[in-house]
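Residue numbers (the numbering used here): 138 to 315. Where is the CB? At the ideal position from N, CA and C, for every residue including glycine. The structure displayed is predicted, hence computed values, not measured ones.
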Amino acid sequence: MNVIIANKYLNQKKEIAAYSVLTVLWPAHQFKKIKDVIIQVVAKHYNGQIMNMEQYKLPTDLILDIKSRLKTLSGQINGIVKMLDEGKDPEQINIQFRSIDKGIQKAHYLLLDEVYRKALAIGIVKAVDSCPGNCGNEDKIEYLKSEFPNLELSDLTNRLKEIQTIETRLKNYNEKKG
138 MNVIIANKYL NQKKEIAAYS VLTVLWPAHQ FKKIKDVIIQ VVAKHYNGQI MNMEQYKLPT
198 DLILDIKSRL KTLSGQINGI VKMLDEGKDP EQINIQFRSI DKGIQKAHYL LLDEVYRKAL
258 AIGIVKAVDS CPGNCGNEDK IEYLKSEFPN LELSDLTNRL KEIQTIETRL KNYNEKKG
């Protein structure tokens, strides 16, 4: 049940902060049960599995900071569970929730602006290098290259998927051409 609810938020493309709100709405005794679900959903989202990581792996050096931030947030969530178990001051618990919310928002922003933007730039460079001008993708590559500086954060995921598709096509094209 918890996984279905958490995935519902993910599928509706709600801000990841919705997971923090979701935890506030749950009774304290059930928080432990959903804590792991929340961590899994957040980690799944931020590790890029929604982009089908079997086909496209983000460069390890780009995701180190995000992973570190998520581990810190996981520790904060565990701290809230402990505070709830110990009956700590509700205001202190609320402060911790706000801190986690801000941390998740910051991690999400860095994922988009740093990781996805850099991965897209790397993908565009690889595509330009792999396409000598008659590969059938040159127009799309040139379009992505020209639009890159102006891309909104909300467009990065789709553009990253596009460049992934182009890279796969170019790999197949160059292997056949071989």
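By the CB criterion at 8 Å, residue 281 and residue 261 fall inside the cutoff.
Take the alpha-carbon of residue 270 and the one of residue 296: they are about 20 Å apart. When the beta-carbon positions are compared, residue 294 and residue 253 come within less than 8 Å of each other.
Scanning 312, 233, 251 and 285 for the CA closest to the CA of residue 211 turns up 233.
Restricting attention to 214, 229, 200 and 226, the CA atom closest to the CA of residue 249 is found in 200. DSSP places residue 252 outside any alpha helix (DSSP H), giving it a letter other than H or E. Of all C-beta pairs linking the segment 194–209 to the segment 238–248, three or more are shorter than 8 Å, placing the two stretches in contact. The closest CA to that of residue 300, considering only 222, 266, 226 and 221, is found on 266. Following the DSSP letters along the chain, one finds residue 275 inside the alpha helix (DSSP H) bounded by residues 275–284.
Assigned with DSSP and collapsed to three states, residue 202 falls in helix. Separation of residue 228 and residue 235 (C-alpha to C-alpha, rounded to the nearest whole angstrom) is 11 Å.
In the DSSP assignment, residue 292 falls within the alpha helix (DSSP H) that extends over 290–314.
Between the alpha carbons of residue 214 and residue 241 lies a gap of roughly 11 Å.
In this structure, the beta-carbon distance from residue 195 to residue 256 falls below 8 Å.
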